[in-house]
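Protein chains in written order, with this note's numbering: chain W, 57 to 247; chain Z, 667 to 1258.
Ideal Cβ placement from N, Cα and C applies to all residues, glycine included.
All figures in this text were calculated on a predicted structure; none of them were measured in a lab.
Reading through the C-alpha cells given below for one structure.
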Amino acid sequence: MCDVKNILLCGVGGQGTILASKILSTCLVDAGYDVKMSEIHGMAQRGGSVTTQVRYGKKVYSPIIGRGSADILVSFEAMEGLRYLDQLKPEGVVVVNDYKIPSSTILAGLEEYPEDAIEILKAKAKTKVIDAGEIASSLGNPKAMNIVLLGSLVKLMGLESLNWKSAIEKCVKPAFVELNIKALEEGMNAV
Amino acid sequence: MKELLTGNEAVARGAYEAGVVYASAYPGTPSTEIMETIATYKGDIIAEWAPNEKVALESAIGASIAGARTLASMKHVGLNVAADPLFTFAYTGVNGGMVIISADDPGVHSSQNEQDNRNYAKFAKIPMLEPSDSQEAKDMVRYALEISEKYDTPVLMRMTTRVCHSKSLVELAERNNVPKKPYVKNLQKYDAVPAVAKILREKIEERLKKLEDFSNETELNFIEMNDSKIGVIASGVAYQYAKEVFKDGASYLKIGFSYPLPMKKIKEFASKVETLYVIEELDPFMEEQIKAAGIKCIGKEKIPAMGELNPDIIAKNLLGKENRVIEYDRSIVAKRPPVLCAGCPHRGFFYDLTKRKDIVITSDIGCYGLSSQPPLNAKDTSICMGAGFSMAHGAQKVFNKFNEKMKTVAVLGDSTFFHSGITSLLNAVYNKSNAVFCILDNRITGMTGHQENPGTGFTLQGDPTVITDIEKVVRALGVENVRTVNPLEISEMKDAMDWALSNEELTVIITKWPCVLKKLSQKDKDDFGDYKGLCYVDDNKCIGCKICIKTGCPALKYDKKLNKVSIDKTQCVGCKLCVQVCPKKAISKVGE
Ligand code: SF4
Ligand code: SF4
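Encoded structure:
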C-alpha cells in the first residue's frame, strides 16, 4: 500500500538507535497507525553496525523494507549512512549525524575511513547534516544525540503534532524525560 | 488492550495467557528474550535457564508428565542438542500440553549455520506451527498447547529471526489458569523400553493421519480468494512478504499449521488458481510435499533456498519488478564487525595468545569467538558449543602421533563449560589428552546479553542460589594441573600460558574476571573490588609505536597526523591492559 512510510535508522552499537526507534514506534502506535519495527542485533554488545526499520501506515505487512524503498534514512554515524544509502528511495531524504566512529578494521590499519562520506551523501541524495553531538552536549549530555536525530526525523516526516512527550515518558526513566524532550525539540529546530 | 511486542515477547505473553506453568531454555539469539520475558511472570510461571537445550527439554518433559502446561525454547542449533529427548517424547506424548519453540536464523545473522527446523517436525513426526507476526506468535502458543493435549503430542513452533525480533501490534488478554492434570503412573506410555516403543510407533502413524485431518479443518490454514490468476501458498513471515508484494492482486492459502500439510485444502486451492507459487523461507519443505502429491507449482526455481527472504526477492523473481536504487561506490565503506568491548577481560587472555607460535586455537560459541577479528586474529576454529574442547583433544592426538611440534589450545566460556564443555573435558581427561584447555570465566553469559548461569549465584527469576565453582569441578573431573588467573594481568597470564604449553599433561587455565557490562553483585564486588576508572595517554611520552593498538581495544585511537594515540573517554573503563603493554609508560590511570 502506498500509504505506508518506511524509515531506516542506522548507527553503531551503543549509540542508542534502538531507544530512538522505540520512542518513534510507541508514538506512532499511540497515534493509531499500524506499525511494524524490525531490528538487527549484532553479535556482541557493542561496536557493530546496527540498523532498525520502522514502517507505519493503515496496514503494514512486511516488517522489513528492501533496497531503494526507505523514505528517510537517519544515520547516527557518517560512514554508516553510506553503508545503507542503497536502501533509500532515489527521491528520499538522508539525515546524517556529523560524527565519526572508526571501526575495528580502521583502528587496526586495515582499511581507511572514507573521510568524504558526508560529501558523497550530499552529492547522491537530498541530505541534511546535523551536528547532534554538539547539540546534545549543549544540553548537558552528549549521549542524547540519538533523540536530537529523532527530532530531525520527526520534523522531516511531518510528525510534529503527535504526542511525543507521552511516548518519551513511556520509554525512558523519569530522570531523563526533561532532557529528552529538550533534545527532541532541538532536533526539530535543526532542520 | 493493544501493545507493540516483538515475536519473542508475544510468545511469552502467549505462554502466560495459555496457562503455562513451567518453562525452560538455554539462551541463544534469536530466541533469548522468550525466556527472559516469561521470567517476568514470576508467581504464575516457573521459568529457568538450563545449562543446555537437552536439559531444558528434558526438564519440560518432566513438568508435562507431572501434568502442567509447559514450554521449552531454543535457537535452531539448540534443537540439534535437544533432538535426542525430542524424538522419544514424540512417542510417549504428553500429559500437560507442551510447545517447543525453535528460533531459526535464515540469513545467519548470529549463528554458525542456517538450518530449516521444519524438517524436525517431519523427522520426529510431530505437528508444527509457523507464526508470521507477533499477534500470531501469541495466539499460536495457545493453539499449540491445545493441539498438544488433544492429540497427545509435543508441538513444534518455528519462529525465524524476523518474527522473533520485529515488533507488531498484539491484542492482550487475561491469563487462563488451566487446571493441572493429575499425574497418572503409566508405564505403557512413559517407559519407552523396546516393547513399549514398538506399540507407540504405531500410534504415531495413526496420530499423523488425525493431525492431517485437523490441518485441513483448522482456521490456522485459511484461503483468501482474490484474483485467481495467481495463487500463493506461504507460511511464516514469507506470507507477510507475499502480501506486501501482491497485495490484493493474488489469492492466498496461508499456512499456519505446516506439518502435516492440509493436502485437501491445497488441492482445492490449486484447482482454483491459474499459476500456483509456493513461497517459503529456506528449504522447499512444503513444495516437495505438494509436488509429491502431484500438484503443479513453482517454488524454489524462483525463490532461493538459502538466505533470508524479503519482499524484494519476491517482487524481482516473480514479477520482474525492481526498485530504482542510488548507485555509488560501496567499496570505500569500511567493514564494521562486532568487537570485544573496551575492557573485556577476554582481551588480556587473547593478547597473550597472539604472541605464541605453533598453536591451534579451537574456540567455542561466545564473545571470545570475536577474537578472530584483527588485530588479535586469535582463533582457528569454531563449530558448536562444547566442540572447542573435544576438537582440541582430537587434534592434539594427531599432532602427537605424527610428532608435530603443535599444541592445541581450546577456549570456551563459563556458560559454555556448563552447557557441554564438562563432558568434553571429561573425555579429554579420560583419554589422556595433553592439550591446553582454557575456561574464560567472565561470571555471566556474555554474548546473548547477560543471562545467569550455574556459576553466577542467581536463578533466572532472581533468587540467590548455589554457585558452582568451576575450578572444583575441573579438579573433580580428575585434572591435576589447574590454575585460575586474572586475564587482565599480563605477567600472570603469560606465566600461566608458559607453564601450560610446556606441560606434558592435560592442563586447564581458568581466567576469572567479570564482563565489563555485567551488573556486579555484592559477591562480585567483594571478589574483584571496584576497579573501574579511566586511562589517559601522556602526549609527551607517546612515540606512536602502536603497540597498545595491538590489544584491539576499541577505546584506543591512533591519529596518523599527530602520530599519537588517544583514549576515548566514553568507552574506556580503566582495565589497564594498555598501561602494561606501552614500552614508554605513556599511559596511566587517572588517580594512580
Ligand atoms: S559483553 Fe562482556 S564478555 Fe562480551 S565482549 Fe563485551 S566485555 Fe567481553
Ligand atoms: S604503546 Fe604507548 S607509546 Fe606506543 S602508541 Fe601506544 S601509548 Fe603511544
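- Item | Alpha carbon of residue 1249 of chain Z to alpha carbon of residue 1215 of chain Z, nearest angstrom | The residue given as residue 1249 of chain Z occupies position 583 in the second sequence. The residue given as residue 1215 of chain Z occupies position 549 in the second sequence. Cα to Cα, residue 1249 of chain Z sits roughly 12 Å from residue 1215 of chain Z.
- Query: When burial is assigned at 16 or more other CB atoms within 10 Å of the CB, is residue 667 of chain Z buried or exposed?
  - Reply: One-based indexing of the second sequence puts residue 667 of chain Z at position 1. Exposed: under 16 other Cβ atoms inside 10 Å.
- Item | Test item: CB-CB of residue 1277 of chain Z and residue 764 of chain Z under 8 Å | Nothing about residue 1277 of chain Z can be reported from this structure: the residues present for chain Z run from 667 to 1258 only.
- Leaving out the 5 sequence neighbours to the left and right, which residues in its chain are closer than 8 Å to residue 932 of chain Z when beta-carbon positions are compared? Within the second sequence, numbered from 1, the residue matching residue 932 of chain Z stands at position 266. Correct list, in chain order: 899, 919, 956, 959 and 961.
- Item | chain Z residues whose Cβ lies nearer than 7 Å to that of residue 138 of chain W | The residue you call residue 138 of chain W lines up with position 82 of the first sequence. Simply 999.
- Message: How far does the alpha helix (DSSP H) with residue 77 of chain W in it extend, from its first residue to its last?
- Response: Position 21 of the first sequence, counted from the start, is the residue given in the question as residue 77 of chain W. Looking at the DSSP string, the run of the alpha helix (DSSP H) that includes residue 77 of chain W is 73-86.
- residue 1182 of chain Z CB to nearest heavy atom of ligand 1 below 7 Å: Counting from one through the second sequence, the residue named residue 1182 of chain Z turns up at place 516. Yes, the Cβ of residue 1182 of chain Z comes within 7 Å of a heavy atom of ligand 1.
- Task: With hydrogens ignored, establish whether the beta-carbon of residue 1067 of chain Z is closer than 7 Å to any heavy atom of ligand 4.
- Result: Absence of ligand 4 from the depicted structure is noted, with ligand 1 and ligand 2 being the only ligands included.
- Cβ of residue 155 of chain W less than 8 Å from any chain Z Cβ? Numbered from its first residue, the first sequence carries residue 155 of chain W at position 99. No, no contact with chain Z.
- Query: Does the Cβ-Cβ distance between residue 79 of chain W and residue 206 of chain W come in under 8 Å?
  - Reply: In the first sequence, counting from the first residue as 1, residue 79 of chain W sits at position 23. In the first sequence, counting from the first residue as 1, residue 206 of chain W sits at position 150. Yes. Within cutoff.
- Query: Between the segment 808-821 of chain Z and the segment 777-784 of chain Z, do three or more beta carbon pairs fall short of 8 Å?
  - Reply: no
- Task: Kindly indicate which three-state DSSP category residue 1236 of chain Z falls into: helix, strand or coil?
- Result: If you number the second sequence from 1, residue 1236 of chain Z lands on position 570. Note: residue 1236 of chain Z maps to coil in three-state DSSP.
- Message: Suppose the cutoff is 7 Å on Cβ atoms and the five residues either side in sequence are ignored; what does the same chain contact list for residue 925 of chain Z look like?
- Response: Numbered from 1 along the second sequence, position 259 holds the residue referred to as residue 925 of chain Z. Around residue 925 of chain Z: 784, 787, 788, 793 and 794.
- Keeping to the same chain, check which residues put their C-beta closer than 7 Å to that of residue 671 of chain Z; ignore five residues upstream and five downstream. Numbered from 1 along the second sequence, position 5 holds the residue referred to as residue 671 of chain Z. Hits under 7 Å: 679, 800, 833 and 836.
- Item | Bridge partner(s) assigned by DSSP for residue 712 of chain Z | Residue 712 of chain Z sits at position 46 when you count from the first residue of the second sequence. Answer is Z/688.
- On the premise that residue 68 of chain W lies in contact with residue 118 of chain W, defined as a C-beta separation below 8 Å, what is that separation, rounded to the nearest angstrom? The residue labelled residue 118 of chain W in the question sits at position 62 within the first sequence. The residue labelled residue 68 of chain W in the question sits at position 12 within the first sequence. With 8 Å as the limit, residue 118 of chain W and residue 68 of chain W do not qualify as a contact, their Cβ atoms being about 26 Å apart.
- Task: List the residues of chain W that residue 1059 of chain Z touches, going by C-beta distances under 8 Å, in chain order.
- Result: Taking the second sequence and counting its residues from 1, the one referred to as residue 1059 of chain Z is at position 393. Ordered by position in chain W, no residue passes the 8 Å Cβ test against residue 1059 of chain Z, which lies about 27 Å from the chain.
- Query: Does DSSP classify residue 1221 of chain Z as helix, strand or coil?
  - Reply: On the second sequence, position 555 is the one that residue 1221 of chain Z refers to. The answer is coil: DSSP assigns residue 1221 of chain Z none of H, G, I, E or B.
- Message: Taking 7 Å as the cut-off, is the C-beta of residue 1159 of chain Z nearer than that to any heavy atom in ligand 1?
- Response: Locating residue 1159 of chain Z in the second sequence gives position 493, counting from the first residue. No; taking the cut-off as 7 Å, the Cβ of residue 1159 of chain Z has no heavy atom of ligand 1 nearer than that.
- Message: Restricting to runs no shorter than 3 residues, where is the beta strand (DSSP E) found entirely within the segment 143-226 of chain W?
- Response: 144-153 and 182-186
- Check distances from the C-beta atoms of the segment 678-710 of chain Z to those of chain W and list, in chain order, the residues that come in under 8 Å. 695 and 696
- Query: For residue 65 of chain W, which option in W/124, W/103, W/108 and W/177 has the closest C-alpha, if you only look at C-alpha atoms?
  - Reply: If you number the first sequence from 1, residue 65 of chain W lands on position 9. The shortest Cα separation from residue 65 of chain W among W/124, W/103, W/108 and W/177 belongs to W/108.
- Note down, in chain order, all residues in the segment 165-176 of chain W with a beta-carbon under 9 Å from any beta-carbon belonging to chain Z. Residues of the segment 165-176 of chain W with a Cβ closer than 9 Å to any Cβ of chain Z, in chain order: 165, 166, 167, 168, 169, 170, 172, 173 and 176.
- Query: Name the chain W residues that come within less than 8 Å of residue 994 of chain Z, Cβ to Cβ?
  - Reply: Looking up residue 994 of chain Z in the second sequence gives position 328. The contacting residues are 138, 141, 142, 176 and 180.
- Task: Give me the Cβ distance between residue 826 of chain Z and residue 902 of chain Z, rounded to the nearest whole Å; I'm assuming they're in contact under 8 Å.
- Result: Mapped onto the second sequence, residue 826 of chain Z falls at position 160. Mapped onto the second sequence, residue 902 of chain Z falls at position 236. The pair is a contact, with the Cβ atoms about 6 Å apart (cut-off 8 Å).
- Query: Buried or exposed: residue 854 of chain Z, going by 16 or more other Cβ atoms within 10 Å of its Cβ?
  - Reply: For the purposes of this step, residue 854 of chain Z is identified with residue 188 of the second sequence, where counting begins at 1. By the C-beta density criterion, residue 854 of chain Z is exposed, having fewer than 16 other C-beta atoms within 10 angstroms.
- Message: Three or more C-beta pairs under 8 Å: does that hold for the segment 217-236 of chain W against the segment 182-190 of chain W?
- Response: no
- Item | For residue 247 of chain W and residue 211 of chain W, the rounded distance between their alpha carbons | Taking the first sequence and counting its residues from 1, one reaches residue 211 of chain W at position 155. Taking the first sequence and counting its residues from 1, one reaches residue 247 of chain W at position 191. Roughly 7 Å separates the two Cα atoms.
- Quick one: grab the DSSP three-state call for residue 126 of chain W. Your numbering for residue 126 of chain W matches position 70 in the first sequence. The answer is strand: DSSP assigns residue 126 of chain W an E or B state.
- Message: In this structure, how does DSSP classify residue 830 of chain Z when only helix, strand and coil are distinguished?
- Response: Residue mapping note: residue 830 of chain Z aligns to position 164 of the second sequence, counting from 1. Residue state, collapsed to three classes: helix.
- Message: Under 8 Å, with one C-beta from each stretch per pair, do the segment 1046-1066 of chain Z and the segment 994-1008 of chain Z reach the 3-pair mark?
- Response: no
- Message: Let me confirm a value: residue 894 of chain Z is counted as buried when at least 16 other C-beta atoms fall within 10 Å, else exposed. Which label applies?
- Response: Your numbering for residue 894 of chain Z matches position 228 in the second sequence. Exposed: under 16 other Cβ atoms inside 10 Å.
- Tell me, please, whether the CB atom of residue 128 of chain W is closer than 8 Å to any CB atom in chain Z? Translated into the one-based positions of the first sequence, residue 128 of chain W becomes position 72. No, its Cβ sits nowhere closer than 8 Å to a Cβ of chain Z.
- Query: Is the shortest distance between the beta-carbon of residue 117 of chain W and the beta-carbons of chain Z less than 8 Å?
  - Reply: The sequence position of residue 117 of chain W within the first sequence is 61, counting from 1. Judged by the 8 Å Cβ criterion, residue 117 of chain W is in contact with chain Z.
- Item | residue 146 of chain W burial status per 10 Å Cβ neighbour count (16 or more: buried) | Position 90 of the first sequence, counting from 1, holds the residue named residue 146 of chain W. It is exposed - the Cβ of residue 146 of chain W has fewer than 16 other Cβ atoms within 10 Å.
- Item | Span of the alpha helix (DSSP H) around residue 955 of chain Z | Residue 955 of chain Z sits at position 289 when you count from the first residue of the second sequence. It spans 951-958 - the alpha helix (DSSP H) in which residue 955 of chain Z sits, taken as one unbroken run.
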